[in-house]
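Reviewing the structure listed below.
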Amino acid sequence: MKTRFILLSLLLASSSLLRAELKLPAIIGDHMVLQQKQANPVWGWDAPGTKITVTFAGQTKNATAGADGKWRVTLDPVDANAEPAVLAIEGSSKRELQDVLVGEVWMCSGQSNMGFTVGGDWNAEVEALAANVPNLRLISVPQVGTQELKDDFAGKWEASTTDSCKGFTAVGYFYGKYLQEILGVPVGLIDNAWGGSAAEAWIRRETIEGDPRFKSLVDGWKQREVQLQSEEAKAGYEKAMANWKAAVEKAKAEGKPAPRAPQSPEQTLSGNARPGNIFGGVVHPTLGYGIKGVIWYQGESNSSRAWEYAELFPFMIEQWRAEWKQGDFPFYWVQLADFKSEVPDPGDSQWAELRESQTKTLALPNTGQAVIIDLGEANDIHPKNKHDVAARLVRWPLARDYGFANLEPQSPTYQSMEVAGNKAKLTFDHVGTGLRTVDVNEVKGFAVCGEDRQWKWAQARIVGAKQIEVWSDEVAAPVAVRYAWADNPVCNVLSKEGLPLTPFRTDDFPMITKPQ
262 MKTRFILLSL
272 LLASSSLLRA
282 ELKLPAIIGD
292 HMVLQQKQAN
302 PVWGWDAPGT
312 KITVTFAGQT
322 KNATAGADGK
332 WRVTLDPVDA
342 NAEPAVLAIE
352 GSSKRELQDV
362 LVGEVWMCSG
372 QSNMGFTVGG
382 DWNAEVEALA
392 ANVPNLRLIS
402 VPQVGTQELK
412 DDFAGKWEAS
422 TTDSCKGFTA
432 VGYFYGKYLQ
442 EILGVPVGLI
452 DNAWGGSAAE
462 AWIRRETIEG
472 DPRFKSLVDG
482 WKQREVQLQS
492 EEAKAGYEKA
502 MANWKAAVEK
512 AKAEGKPAPR
522 APQSPEQTLS
532 GNARPGNIFG
542 GVVHPTLGYG
552 IKGVIWYQGE
562 SNSSRAWEYA
572 ELFPFMIEQW
582 RAEWKQGDFP
592 FYWVQLADFK
602 SEVPDPGDSQ
612 WAELRESQTK
622 TLALPNTGQA
632 VIIDLGEAND
642 IHPKNKHDVA
652 ARLVRWPLAR
662 DYGFANLEPQ
672 SPTYQSMEVA
682 GNKAKLTFDH
692 VGTGLRTVDV
702 NEVKGFAVCG
712 EDRQWKWAQA
722 RIVGAKQIEV
732 WSDEVAAPVA
742 VRYAWADNPV
752 CNVLSKEGLP
762 LTPFRTDDFP
772 MITKPQ
């Protein structure tokens with residue numbers, strides 16, 4: 262009996278040793294790009310207490326796996342290097358990561374317009390043929406929504422090819438390709454976009470819960486979570502599914518399209534709107550990987566809460582920067598495009614208010630905004646011209662981070678207004694070499710109002726390099742001016758460098774998205 266016990270113990274010990282092995286997260290792997298000229302964390306797991314040695318570019322770093330098995334080292338900064346190198350890691354076993362490059366690493370985040378792939382671009386076939394770029398590396402993070410903080414994901418780095426680019430974010434791909442060609446260094450892109458996602462889902466749950474500004478948002482979700490996990494919700498879903506199945510059979514018999522299936526409570530709880538969900542399942546597995554910065558295209562899902570977004574969006578950026586511990590890294594975003602039907606009369610707009618909240622976020626350091634009020638499609642929330650979007654967005658890092666100081670990245674922005682009689686003279690900043698119109702000579706897109714706050718379309722003319730004079734025969738004494746203030750505005754002012762005038766309002770009238 263004693264002999265059998267000893268043999269069993271040895272067998273279990275042997276099995277445990279066999280299971281102990283060096284493990285790495287997907288973000289640390291073959292073909293990856295390390296961020297140049299800054300310290301880069303490398304981490305993984307091994308049996309507790311295991312000594313770890315990491316060797317790369319003539320340096321050796323050591324660590325010991327903790328009680329939870331996790332270990333971490335930080336590599337010293339190195340310059341860009343397009344020559345494939347080996348990063349060796351030795352613990353209870355040995356891994357040699359092949360084809361590792363050093364260059365510029367950018368994270369591509371947001372909702373469906375960032376997730377929109379190269380394969381969906383107007384020029385997809387041509388762009389794919391030009392996509393064999395060995396020093397442009399891509400990795401995608403799957404959409405996993407959870408309150409639990411995940412440490413890894415299913416994915417791998419790979420070089421850009423005709424095939425690999427097609428399912429990758431178009432804005433991110435074109436942005437990265439510009440950088441790779443202009444800078445002449447390797448570029449790594451991390452695609453973690455999730456269509457339809459809300460900004461609050463991208464923030465750590467306990468962080469957003471701790472800020473009183475978002476109490477109503479969090480409280481609403483807490484009530485919803487209780488309801489979604491109730492027996493009542495389960496029964497309601499089962500009934501909805503039964504009705505749906507019957508509707509599918511009826512539609513099939515009538516030769517009609519099948520209706521959409523109802524969403525289960527579990528789908529909502531693991532979805533892309535619940536606070537903290539995307540941070541836990543998508544952001545956290547990459548947290549700490551050395552990056553240069555982030556590009557972002559999101560806001561559609563928060564448009565009905567644009568007033569709140571003015572606080573929520575900068576809060577998210579600040580929290581990401583705090584989480585990464587890389588200081589105020591660059592964070593550049595795309596403003597919402599024009600969309601929906603043209604409105605015949607000037608007035609209020611949720612999308613215009615969301616754009617304003619995005620513009621206000623420029624108050625944060627190292628931020629930038631690409632205005633694309635002319636690149637949208639009225640009948641499609643996903644405009645297919647992503648190449649021009651990326652071309653505007655990439656001006657920011659080129660001008661701010663990579664030494665092309667003569668390149669103006671910012672669209673013309675409203676600065677001040679003077680009123681004389683029935684005319685308002687507006688002055689703008691970031692006009693480049695001057696203002697101009699496109700398509701027609703007549704300036705379009707302005708509206709004015711008097712003390713009655715009744716908006717009227719206005720006439721306008723460009724006067725000088727950076728001023729526009731605005732008036733309406735129906736408004737004797739204007740008190741406020743708005744430009745491109747609509748979901749899908751008709752407007753045509755841009756700088757001579759081709760950057761559209763940023764939508765704006767001079768008034769501070771109550772926002773329609775502000776909670777009552």
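Numbering-wise (our numbering), the sequence shown opens with residue 262 and increments by one. We put the beta carbon where it would ideally sit given N, CA and C, even for glycine.
message: I need the straight-line Cα distance from V543 to P403, nearest angstrom please.
response: 7 Å
- request: Note down the Cα distance separating A738 from W718, rounded to an integer number of angstroms.
  value: 14 Å
- request: Please report the Cβ distance between L338 and K284, rounded to the nearest whole angstrom; I am assuming they are in contact, meaning their Cβ atoms lie under 8 Å.
  value: Per the sequence shown, residue 338 should be read as Pro rather than Leu. Their Cβ separation, rounded to whole angstroms, is 26 Å, which puts P338 and K284 out of contact at 8 Å.
- prompt: If you follow the beta strand (DSSP E) that A324 is part of, which residue opens it and which one closes it?
  reply: Q320 to T325
message: With a threshold of 8 Å on Cβ separation, who are the neighbours of Q490 within its own chain once the five nearest residues in sequence on each side are excluded?
response: P526 and L530
task: May I have the straight-line CA-CA distance separating E569 from I313, to the nearest angstrom?
output: 46 Å
- request: Indicate the three-state DSSP secondary structure (helix, strand or coil) for D480 in the structure shown.
  value: helix
message: Does the contact criterion of 3 or more C-beta pairs under 8 Å hold for the region 354-373 versus the region 447-458?
response: yes
- prompt: Cβ of A346 within 8 Å of Cβ of V361?
  reply: yes
field: Through-space distance from R356 to D599, alpha-carbon basis
entry: 50 Å
query: Looking only at its own chain, which residues have a Cβ that is under 8 Å from the Cβ of S756, when we skip the five neighbours before and after it?
result: E669, S672, P673, H691, V692, G693, T694, G695, L696, R697 and L762
- prompt: Quick one: is S276 buried, meaning 16 or more other Cβ sit within 10 Å of its Cβ, or exposed?
  reply: Only weak support exists for where S276 lies, its pLDDT of 41 falling under 50; the value from the coordinates is given anyway. S276 is exposed by the Cβ-count criterion.
query: To the nearest whole angstrom, what separates the beta carbons of A341 and V363, a pair I think is in contact under 8 Å?
result: 5 Å
- request: Starting from the N-terminal side, write out each stretch of the beta strand (DSSP E) that is 3 residues or longer and does not extend beyond the region 558-607.
  value: 592-595
query: What are the partner residues of P302, as DSSP defines its beta bridges?
result: T335
query: Using CA coordinates, which residue listed in N374, I289 and A462 is at the minimum distance from V405?
result: A462
- request: Enumerate in chain order the residues of its own chain whose CB-to-CB distance from D291 is below 7 Å, with the five nearest sequence positions on each side excluded.
  value: L358, Q359, D360 and W418
query: What is the DSSP secondary structure of A508, reduced to helix, strand or coil?
result: helix
- prompt: Which value, in whole angstroms, describes the spacing of the CA atoms of I552 and G327?
  reply: 25 Å
- prompt: According to DSSP, what are the bridge partners of V239?
  reply: What the structure shows of the chain is the stretch from 262 to 777, and residue 239 is not part of that stretch, so it cannot be assessed.
field: Rounded separation between S677 and E712 - CA only
entry: 19 Å
Assigned exposure category for D325 - 16 Cβ within 10 Å defines buried: Residue identity check: residue 325 is Thr in the sequence provided, not Asp. Flag for T325 reads exposed.
Residue environment, V334, which counts as buried when at least 16 other CB atoms sit within 10 Å: buried
- prompt: Where does V692 fall in DSSP's three states?
  reply: coil
task: May I ask you to verify whether the region 740-752 touches the region 640-660, counting CB pairs closer than 8 Å and requiring at least 3?
output: no
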